[in-house]
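Shown next, in structure tokens, is the structure this report addresses.
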Amino acid sequence: MLTYAVKRLGLAVAIVSVAMFLLFCMIYLVPGDPASVALGPRATDAMKEALRIKMGLDQPIWIQFWNFFSGAWTGDLGEEVLSGRPVLDVVMEQLPFTLALIAGGISWSVALGIPLGCWAAINRGSFADRLVGLLSVAVIAVPSFVIAIYALLIFAVTLRWLPAIGAGEPGQLGDQLVHLILPSLAVGLGWVGYIARMVRASMLEVLEASHIRTARAFGLPENMITYRYALTIAILPTITLLGVGIGQMLSSAVFAEIVFARPGVGKLVYDAILTRNFPVVTGAVLVTTVIFVLLNLIADLIVGALDPRVRSSF
Amino acid sequence: MNPTKPNGISRRSLLASAGAFGAASVAFPHMAISQDGKILTVRSYSDLQILDPAFRLSLPEDDIIRAIYPPLIEPVSGDTWEWKTVAAASMEQLDDLTIAFTLKENMGFTDGYGQVTAEDVKFSIERIADPANESPYAGDWAALKEVEVKDTLSGLIHLNNKFVPLWTTTLPTPASCILSKKAVEELGGKIGTEPVAQSGQYLLTEWVPKQRTILKRNPDWAHEPGGFEEIHIIPIEDPATAERGFEAGDLDYTWTSVSSLPRLKENPPAGSVVLEKPSLAYVWMGINKDNEALQDVRIRRAIQHAIDREIVVDAAYFGAASVGNGIVAPGLPGSRDAVTYDYDPDKARALLAEAGAEGLSITLDILNQSERLTAAQVIQANLADVGIACEIKQNDSGTFWSLGSKDGDYFMNLQLVLSRFSMQPDPSWATVWFTPEQVGVWNWERFDDAEYKALHDEGLVESDPVKRDEIYKRMQALMDESGCYVFLTHEVVGAIHKDTIEPGLKPNGESLLSDFKPA
Chain B
1 MLTYAVKRLG
11 LAVAIVSVAM
21 FLLFCMIYLV
31 PGDPASVALG
41 PRATDAMKEA
51 LRIKMGLDQP
61 IWIQFWNFFS
71 GAWTGDLGEE
81 VLSGRPVLDV
91 VMEQLPFTLA
101 LIAGGISWSV
111 ALGIPLGCWA
121 AINRGSFADR
131 LVGLLSVAVI
141 AVPSFVIAIY
151 ALLIFAVTLR
161 WLPAIGAGEP
171 GQLGDQLVHL
181 ILPSLAVGLG
191 WVGYIARMVR
201 ASMLEVLEAS
211 HIRTARAFGL
221 PENMITYRYA
231 LTIAILPTIT
241 LLGVGIGQML
251 SSAVFAEIVF
261 ARPGVGKLVY
271 DAILTRNFPV
281 VTGAVLVTTV
291 IFVLLNLIAD
301 LIVGALDPRV
311 RSSF
Chain A
1 MNPTKPNGIS
11 RRSLLASAGA
21 FGAASVAFPH
31 MAISQDGKIL
41 TVRSYSDLQI
51 LDPAFRLSLP
61 EDDIIRAIYP
71 PLIEPVSGDT
81 WEWKTVAAAS
91 MEQLDDLTIA
101 FTLKENMGFT
111 DGYGQVTAED
121 VKFSIERIAD
131 PANESPYAGD
141 WAALKEVEVK
151 DTLSGLIHLN
161 NKFVPLWTTT
171 LPTPASCILS
181 KKAVEELGGK
191 IGTEPVAQSG
201 QYLLTEWVPK
211 QRTILKRNPD
221 WAHEPGGFEE
231 IHIIPIEDPA
241 TAERGFEAGD
251 LDYTWTSVSS
261 LPRLKENPPA
271 GSVVLEKPSL
281 AYVWMGINKD
291 NEALQDVRIR
301 RAIQHAIDRE
311 IVVDAAYFGA
321 ASVGNGIVAP
331 GLPGSRDAVT
341 YDYDPDKARA
351 LLAEAGAEGL
361 SITLDILNQS
371 ERLTAAQVIQ
381 ANLADVGIAC
391 EIKQNDSGTF
401 WSLGSKDGDY
411 FMNLQLVLSR
421 FSMQPDPSWA
431 TVWFTPEQVG
441 VWNWERFDDA
451 EYKALHDEGL
461 VESDPVKRDE
471 IYKRMQALMD
481 ESGCYVFLTH
491 EVVGAIHKDT
501 IEPGLKPNGE
511 SLLSDFKPA
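So the protein sequences, as listed, match chains B and A.
Position one of the first sequence corresponds to residue 1 (the working numbering), numbered consecutively onward.
Position one of the second sequence corresponds to residue 1 (the working numbering), numbered consecutively onward.
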């Protein structure tokens, strides 16, 4: 297990390094002068040049990359272009909102997806099974921003049950949770379909397995067979799927954060790209990449711990 | 200001919130923040980035800065461009080169920095004007010689030369906001996002990045108080999101997109008032005269004649905006009723044939916004009608605003570009961007005319409104003549507010937070 964990960790570090190098290359190719955008129309040439030097844009790309990475290892992600605030602080202020949004999205997808998948598997071929299949495909097919806009129009604008914008009063958990309901639904609803489909398929496979047949032969209650013996095995692929899903939820979070005017890393990166605030772009992408890779690593380690075949095949 | 930790939750507050959440979500499905009428919640299109009057970046910052660091004077809310005193008890132009001011008594800085004095006025103004400080707003005080302190509360502003826009675009802006000399010097000369030594009608008490800024009434402000106990400013970049927020009851006031105006006017949400204000902004299609394909003035003239401006504006703004005939908005000296070369497709075809440019293929660069795209598509159809193939190229804002820069590598390939500039209530603010020294900076058409430059300089010192009107009309005629411009519109500004408040707005719809009041 230790060898497996070390190999997976090495792979994770390599993925982060390659991702950041690609990001740097892409930033280098993006047209537009960050100093002009940041300083506005009234800035003089001298002011723009001074800002370019301050941002390190006068240096070759490999030096910029080295400076960034050497700083990142010590937790220094640079400073925001205009306010001079540390990028790490700026990102960390926004990160809890995005993590809360993704956690909310996962909660929706797990809370609805797993029972629906089980229900469909148990009632294989029935009307309920076909209905769940239809709904699953439907919610997978609809983009999250469409769900976000309709959820907002129905529950916030028309019914006025839930707030339309913001993340709630700082320090008031109840208010923050209320503000989380619609955005997290928008982010997580598509994954209800994925998880329901995955759990159904997995359950059907496990329910045919010999140990389940043996359990039935011993006369164990059907609920115990389904939820204690079948579901615990059938849920394993779902953990891996969620690890991948977090990456997609991060991208969906950008739309949700814009539509619901929520703070968060997605919106931070979006705004920073538009204003060519490159230190914030690189810092925020690094942090989210590390989180994404870390969560996948954890998911793989859990699966590896539960299934020795995975460890031996790596 | 140190941003408040958004998740500083104690065990006690967690339990209290959880309990309250359960009860409140049943009893009050949706609670608006400003139900008690003491809190005003407004949207701004960008978050706070800097609180320094010398380095401010956006209009929302202007509003906050004016509220916490009072300017000598500020615009009056309403439909005409007038000013009123704020920090000044009196302001008087003694002659072309001298302005006398006297400050109100009983104005003090917070944090123990004492009384607001004429010495602070001198420091604040000269700090912006001093080239060594590299303020982008140094041009506002380009005519300044010095500020002379007469006594604690009064002084004289001496100018090197007459500067007519001083009373319209310098003094009523944050360029006359008063900072504490002692506090700023202690900070090393610059203010970031942490306000010190505030002295205005409101105090900035909380800034949570990307979430909100809170202003509270200054308890030590001894003059006309602000209309609300608190103003909550919520940064929302997307106007459609802000409109949904308003309709859901989360906002008391917001700007709207122009495209939403017809819908909102026809069917306003209950308890709301929809406003439509004339904008000072100007939108035009620029034609780069130095581009190889467009160097012949007959081709540029053909493009001017090819565009049906009425249709373009109607389509892009859903009938809410009218056609503009220049860069100077109606109501200001130099505003025009017509352009020299208007829609005439037959003439356009003839000019193209004369220039041997049939089958011309060109590119139109635009910012990736829906109004611009619609306008560009109509322009594309107009150009196709006279035999010009036009490809539309959409750019994000970061790319777009660098397209014509001489520092980049695209400025000579730029052919047609759809642009929009905002401005202040003086025509010189519009004309300044098209002078020869702006070629490759903001003059992307590379229009280069010595007479235009001379007229621009003349307009800055001419105080006779009739003569100024002639000067700025002539300048726009020169722009027409160059074949580099197709003037489209000045747009409109849309806003919506609850009928329980009375918004304080400049004539062009920009907000004056301190002037918002309960209805």
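A virtual CB, placed ideally from N, CA and C, is assigned to each residue, including glycine.
Since the structure is predicted, the reported quantities are computational estimates derived from the model, not experimental observations.
Burial check for threonine 232 (chain B): the Cβ neighbour count within 10 Å stays below 16, so the residue is exposed. If you draw a 10 Å sphere on the C-beta of valine 461 (chain A), you find fewer than 16 other C-beta atoms in it, and that means exposed. Within 9 Å of the CB of valine 293 (chain B), no CB atom of chain A is found; the nearest one sits about 24 Å away.
Per DSSP, reduced to three states, the secondary structure at tyrosine 341 (chain A) is coil, with no helix or strand assignment. Inclusion of serine 83 (chain B) and serine 402 (chain A) in the CB contact set at 8 Å is not warranted, their separation being larger than that value.
Nearest in C-alpha terms to proline 436 (chain A), of all of A:His456, A:Met423, A:Arg420, A:Asp426, is A:His456.
In the structure shown, glycine 227 (chain A) adopts coil according to DSSP, grouped into three states. Secondary structure note for phenylalanine 101 (chain A): it is in no alpha helix (DSSP H), and the uninterrupted beta strand (DSSP E) holding it is 98-103. Residues of chain A whose Cβ lies closer than 9 Å to the Cβ of threonine 275 (chain B) are, in chain order, Ser397, Gly398. When beta bridges are read from the DSSP output, glycine 494 (chain A) appears opposite A:Thr256, A:Glu276. In the structure shown, cysteine 177 (chain A) falls within a strand segment according to DSSP collapsed to helix, strand and coil. According to DSSP, residue pairing for proline 75 (chain A) in a beta bridge involves A:Trp83. For valine 147 (chain A), the uninterrupted beta strand (DSSP E) run begins and ends at 144-149, by DSSP.
At the C-beta level, proline 195 (chain A) and proline 71 (chain A) stay beyond 8 Å of one another. Taking the beta carbon of glycine 40 (chain B) as reference, the chain A residues within 7 Å of it are Leu57, Pro136, listed in sequence order. Residue pairing by DSSP leaves tyrosine 150 (chain B) without any beta bridge partner. The continuous stretches of beta strand (DSSP E) do not include threonine 214 (chain B), which lies in the alpha helix (DSSP H) extending over residues 210-217. A Cβ-Cβ contact shorter than 8 Å links leucine 23 (chain B) with threonine 282 (chain B).
Beta bridge pairing from DSSP links glycine 188 (chain A) with no other residue. Identification of chain A residues near glycine 133 (chain B) by a Cβ-Cβ cut-off of 7 Å yields none; the smallest Cβ-Cβ distance measures about 33 Å.
The beta carbon of proline 237 (chain B) is closer than 7 Å to those of Met198, Ser202 in its chain, skipping five residues each way along the sequence. The beta carbon of methionine 198 (chain B) does not come within 8 Å of any beta carbon belonging to chain A, so the residue lies off that interface.
Sorting B:Val16, B:Ile61, B:Met224, B:Val192 by C-alpha distance to the C-alpha of leucine 207 (chain B) places B:Met224 at the top.
With a cutoff of 8 Å on beta-carbon distance, isoleucine 299 (chain A) and alanine 389 (chain A) are scored as not near each other.
Contacts with chain A (Cβ-Cβ distance below 8 Å) from the stretch 161-175 of chain B involve Trp161, Leu162, Pro163, Ala164, Ile165, Gly166, Ala167, Pro170, Gly171, Gln172, Leu173, Gly174, Asp175, listed in chain order. Between the C-alpha atoms of alanine 141 (chain B) and histidine 179 (chain B) there is a straight-line separation of about 25 Å. According to the DSSP assignment, serine 251 (chain B) belongs to the alpha helix (DSSP H) that extends over 236-259. Judged by beta-carbon spacing, alanine 321 (chain A) lies within the 8 Å limit of threonine 489 (chain A), meaning their Cβ atoms are closer than that value.
The beta carbon of valine 184 (chain A) sits no closer than 8 Å to any beta carbon of chain B. Aspartate 95 (chain A): not part of any alpha helix (DSSP H); member of the beta strand (DSSP E) spanning 88-95, first to last residue. For threonine 431 (chain A), the three-state secondary structure derived from DSSP is helix. Secondary structure at glutamate 49 (chain B): helix, using DSSP grouped into helix, strand and coil. Neighbours of glutamine 211 (chain A) in chain B, taken as residues whose beta carbon is under 8 Å from its own, are Gly166, Ala167, Pro170, Pro263 in chain order. A Cβ-Cβ distance of about 4 Å is found for the pair alanine 302 (chain A) and alanine 348 (chain A), placing them in contact under the 8 Å criterion. With three or more CB-CB distances shorter than 8 Å, the stretch 357-367 of chain A counts as touching the stretch 391-398 of chain A. Boundaries of the alpha helix (DSSP H) around tryptophan 73 (chain B): 61-73.
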